[in-house]
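Novice:
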Amino acid sequence: MLASEKEQLHQDVVMFAENCASHRSGLLPVLQHIQREYRHIPAEAMQEVADAFNIHPAEVYGVVSFYSFLSTKRKGKFIVRLCKTISCDLAGKNGIATQLENDLGVKFGQTTPDGKFTLEYTHCLGMCDQGPAMLVNDEVYSKVTLESVTDIIESYIRKSGAHVTQGGAE
Amino acid sequence: MMGGRKDLVIFSDIEIESALKKAANRAPGEVIREIRESGLKGRGGAGFPTGVKWDLAAKADGERKFIICNADEGEPGTFKDRVLLSDYAEQLYAGMALAAYSVGAKEGIIYLRGEYEYLLKGLIATRKVVRGKNLLGKNIAGKEGFDFDVYIHLGSGSYVCGEESALIESLEGHRGEPRNRPPFPVTMGYLECPTVINNVETFITALHIAAKGAEWFRAFGTSKSTGTKLFSVSGDCLRPGVYEFPMGITVAALLKEAGGENAKAVQVGGASGRCVGRSEFESTLAFEGIPTGGSIIVFGEHRSMLGVAKNFMEFFVEESCGQCTPCRYGTTTLLEGIKMLENRKCSMRYLRELISLGESMQIASKCGLGQTAPNAFISILKNFKHEIMVGKQTEQAIQGE
Ligand SMILES: Cc1cc2nc3c(=O)[nH]c(=O)nc-3n(C[C@H](O)[C@H](O)[C@H](O)COP(=O)(O)O)c2cc1C
Ligand code: SF4
Ligand code: FES
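Listed below in C-alpha cells is the structure:
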C-alpha cells in the first residue's frame, strides 16, 4: 500500500468507528467500504479496524473470511459473478460460463493479469425467472445469451479503457 | 413479469396513508389482535404466527426494541421479495411502521442481501418519499409519540445470514453463525433487545390486514393457512414469474397457470424444500399440505434428477457455516455420495447409509440449514430411484441435451 493510501485508510476507519461509537455493529459497513475502495481487505486494514474497534485482528479476519463478498486477495476492478444455482443451470449457464472464460481469458476464481476482471460463480441471485443471470459489481444482467454476455464484457472494457488479451483460457 | 392474478391481497390496491392512520387510531393491542385473528403466518418459510410474534415482543421487557425486515432472500428459486423491494417498498416501510407501533419500537433495520445492492438506491429514494408523507419519522400519521425510522444494512454474500439468529450475529459485526435458541429474538434479539424479525412479504401482508380487516383476509386460503401467498416460479415452464395465489392451491393448478403441465417433478421450497413427483401434483401448497416460502422450480421430462440433487447439495456444502458437525460433515458426505451415484459406484448398502445420515442431519443439526439440507436429496431419491439407479443418465447432468 502507498503511504497516501494508508493515511486515507486510517482516516476512513476512524470515521466509520466514530460514527458507530466503536460498536461492533459498525464492523461490516467499514469492511464493505474497504473492500469497495481497495478491492480487498489488506492486512494493514485489518489491523486498523481491530485498533479502532478494540478487538483482536484475528476477530476481524474471522469476519472477513466468513463472507463471500469480502476477501483478503485483491479482486479485479469488475467482479463478474455468474449464477450457478439450479434455475440458471436449467436455463443454460454452462454455455455462458465457457463463453466468459474464453472472452476474459481466465478461469473461474481468477483475475485477469491487468487486474480489470475477476470471474466468479455465485449462488442464486433472485433472477431465476430470467436466467441465466449474472452480476458485474452491483449491476444485474438477466437472460444473458452467448452474444449479449460478450457485449456486456465489451462495455466494461470500454468503460475502463482496459486491454484484455483475447483468446481461450489455457 | 407479474404472473396472472393481481388483485387478491398483496397485489391489491391499498391507501397506505389511511391504513397507517387507521392503525394509529387504535390501541397497539387492538392492532395485534387483528393480525392474530387474521391467522397470518410468517411468509419467510418457517410459518410462525405473526400476531403471536408481535405480541411476545410487545410484552417483552425493554426500553429499546427493534423491527427487522429480513430481505436476505437467498433461497434458490425465490425472487418475490426482489419484486416487492423494487415495486412495493412504500408498503414495506409502512408495514414495518405498523409493526413498530404494535410492539413499541422506534428503530427498524432492513437487512438487504449484498446481491441486491442495486436495489439500494431505489429503497433510499422511496424512504425519502415515505418520510415526506410522514409515514416514517416523528409523530407518524399525526400520532403523538409514534416515532420510527428505518436504516438499511447491506449483507455480504451469505445464505445462512437469512436465518434470524445468524442475521443478528451479522448485524452485530460477527460471523453469520446461528445461535442456540432460546432465547428467541422477540425477547433477546439485536443488541440483546426485544426484536421482531419478519420477511418482506409478511410486513406488506400485515399492512393490508390492518387496512381491510382480519375477516377479509381469512376469506382467502384455507382455515389453517389463511390468505394468499406469493410464488416465485421458474424452470421448465412457459410463463415463469411471480404469482399471487390463495393458500391451498394445488401443485397441478399452479403448473397450469405457469404453463408447466408437462413437468415430471417440481421442487417446492427451494434447495431446502422437497421434490414433488407427478403422483403428488394434487397436493396443496399450504402449511397443512406442502409448506413453502414460495419457491417453485419446474423440471421437464428430459432433466436428470440426480443432477438436480447435486446442484442443491453443492449449494449447501458451500453455504454451511461449518459450526456443527452433522451439517458440515453431512453435506460433504452426501455430495460425495451423489458423485458416486453419478459414476455408478454406489452400493445399495451405502445408499441406505447415506439416507440414514440425512435423517440424522434433519434431527441433529443446529439450525434450519443443516436440518433441511438432506431434504432435496432424500425426496429425489424417493421419487426417482429407478431413474437414478437404473435409467439412462444423460452425459450433461442437468441440461439434458
Ligand atoms: C438457512 C436459513 C435461511 C433463511 N433465509 C431467510 C430469508 O432469506 N428470508 C426470510 O425471510 N427468512 C429466512 N429464513 C427464516 C428466518 O429464520 C425467519 O424465520 C424469518 O425471517 C421470520 O420471518 P417470518 O415469520 O415473517 O417468515 C431462513 C431460515 C434459515 C434456516
Ligand atoms: S446446521 Fe449448518 S449452517 Fe446451521 S449452524 Fe450447523 S453448520 Fe452452521
Ligand atoms: S437460480 Fe440463478 S438467479 Fe436464481
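As given, the protein sequences belong to chains A and B, one line each in that order. Mapping of the first sequence onto this note's numbering: position 130 corresponds to residue 501, and the numbering continues sequentially without gaps. Mapping of the second sequence onto this note's numbering: position 12 corresponds to residue 29, and the numbering continues sequentially without gaps. Where a beta carbon is used, it is the ideal one built from N, C-alpha and C, also for glycine. This one's a predicted model, so the numbers in the text were calculated from it and none came from an experiment.
1) Counting only beta-carbon atoms, is Thr-95 (chain B) nearer than 8 Å to chain A?
2) So with Cβ pairs under 8 Å, would you call His-404 (chain A) a contact of chain B?
3) Near Ser-29 (chain B), what residues of its chain come up, given a Cβ to Cβ distance below 7 Å and the 5 sequence neighbours on each side ignored?
4) What beta strand (DSSP E) runs, 3 residues minimum, are completely inside the region 296-320 of chain B?
5) In whole angstroms, what separates the C-alpha of Asn-425 (chain A) from that of Thr-443 (chain A)?
6) Say whether chain B places a C-beta atom closer than 8 Å to the C-beta of Ser-519 (chain A).
7) Select from B:Gly-339, B:Leu-323, B:Gly-385, B:Ser-337 the residue whose C-alpha is nearest the C-alpha of Lys-402 (chain B).
8) Can you find a C-beta in chain A that's less than 8 Å from the C-beta of Gly-290 (chain B)?
9) Taking C-beta pairs closer than 8 Å, name the residues in chain B that Glu-510 (chain A) reaches, listed in chain order.
10) Whole angstroms are fine: how far does the CA of Glu-305 (chain B) sit from the CA of Lys-241 (chain B)?
11) Would you report the Cα separation of Ile-419 (chain B) and Lys-281 (chain B), rounded to the nearest angstrom?
12) What would DSSP say about Leu-461 (chain A), mapped onto helix, strand or coil?
13) Which residues bound the alpha helix (DSSP H) around Asn-215 (chain B)?
14) Hey, is Gly-339 (chain B) close to ligand 2, as in C-beta under 7 Å from one of its heavy atoms?
15) May I have a chain-ordered list of the beta strand (DSSP E) segments no shorter than 3 residues that lie completely inside the region 460-540 of chain A?
16) Starting from the Cα of Leu-441 (chain A), find the closest Cα among A:Ile-524, A:Met-505, A:Gly-476, A:Leu-398 and give me that residue.
17) Taking only heavy atoms of ligand 2 into account, decide whether any of them is closer than 7 Å to the Cβ of Leu-386 (chain B).
18) Could one say the Cβ of His-191 (chain B) lies closer than 8 Å to chain A's Cβ atoms, at least one of them?
19) Here's the rule: buried if 16 or more other CB atoms are within 10 angstroms of the residue's CB, otherwise exposed. What is Ala-419 (chain B)?
20) Who does Thr-267 (chain B) pair with in a DSSP beta bridge?
21) Hey, how far is the Cα of Pro-45 (chain B) from the Cα of Ala-77 (chain B)?
22) In terms of residue numbering, what span does the beta strand (DSSP E) encompassing Gln-284 (chain B) cover?
23) In whole angstroms, give me the CA-to-CA distance for Asp-253 (chain B) and Gly-502 (chain A).
24) What does the Cβ neighbour count give for Gly-287 (chain B), buried or exposed, with the cut at 16 atoms within 10 Å?
25) Output yes if chain B places a C-beta closer than 8 Å to the C-beta of Val-515 (chain A); else output no.
26) How is Cys-363 (chain B) classed by DSSP in three states: helix, strand or coil?
27) Please report the straight-line C-alpha distance between Leu-102 (chain B) and Ala-63 (chain B), rounded to a whole angstrom.
28) Which same chain residues, not among the five before or five after Gly-139 (chain B), have their C-beta less than 7 Å away from its C-beta?
29) List, in chain order, every chain B residue whose beta-carbon is nearer than 8 Å to that of Arg-407 (chain A).
30) Which residue or residues does DSSP assign as beta-bridge partners of Gly-294 (chain B)?
31) Where Ala-392 (chain A) and Gly-61 (chain B) are concerned, what is the direct C-alpha to C-alpha distance, given to the nearest angstrom?
32) Per DSSP, what kind of secondary structure is Cys-86 (chain B) in: helix, strand or coil?
33) For Lys-448 (chain A), tell me which candidate among A:His-394, A:Arg-407, A:Val-435 has the shortest Cα-Cα distance.
34) Quick check on Gln-382 (chain A): buried or exposed, where buried means 16 or more other Cβ atoms within 10 Å of its Cβ?
35) Under 9 Å Cβ-Cβ, which residues of chain A neighbour Phe-237 (chain B)?
36) Can you list, in chain order, the residues of the region 317-340 of chain B whose Cβ is nearer than 9 Å to any Cβ on chain A?
Specialist: Let me spell this out:
1) Yes, because at least one Cβ of chain A sits closer than 8 Å to the Cβ of Thr-95 (chain B).
2) no
3) Hits under 7 Å: His-225.
4) Every beta strand (DSSP E) of 3 residues or more that sits fully in the region 296-320 of chain B is shown, in chain order, as 312-316.
5) 21 Å
6) Not one beta carbon of chain B lies nearer than 8 Å to the beta carbon of Ser-519 (chain A).
7) B:Leu-323
8) no
9) Tyr-135
10) 7 Å
11) Look at the range of chain B in this structure, 18 to 418, and you will see that residue 419 (chain B) is not part of it.
12) helix
13) That residue, Asn-215 (chain B), is in no alpha helix (DSSP H); its beta strand (DSSP E) goes 212-216.
14) yes
15) Entirely contained in the region 460-540 of chain A, the beta strand (DSSP E) runs reaching 3 residues are, in chain order, 488-493, 505-507, 510-512.
16) A:Leu-398
17) yes
18) yes
19) The structure shown does not extend to residue 419 (chain B), since chain B is modelled only from 18 through 418, so no value can be given for it.
20) Thr-267 (chain B) pairs with B:Thr-301.
21) 14 Å
22) 282-285
23) 11 Å
24) Residue environment for Gly-287 (chain B): buried (at least 16 other C-beta atoms within 10 angstroms of its C-beta).
25) no
26) coil
27) C-alpha separation (whole angstroms): 21 Å.
28) Taken in chain order, the residues that qualify are Ser-103, Ala-106.
29) Those do not exist, as Arg-407 (chain A) stays about 10 Å from chain B at its closest Cβ, beyond 8 Å.
30) B:Ala-282
31) 33 Å
32) strand
33) A:Arg-407
34) exposed
35) Per Cβ cutoff of 9 Å: no residues; Phe-237 (chain B) is ~24 Å from chain A at best.
36) Gly-317, Arg-320, Gly-324, Val-325, Asn-328, Phe-329, Glu-331, Phe-332, Glu-335, Glu-336, Cys-338
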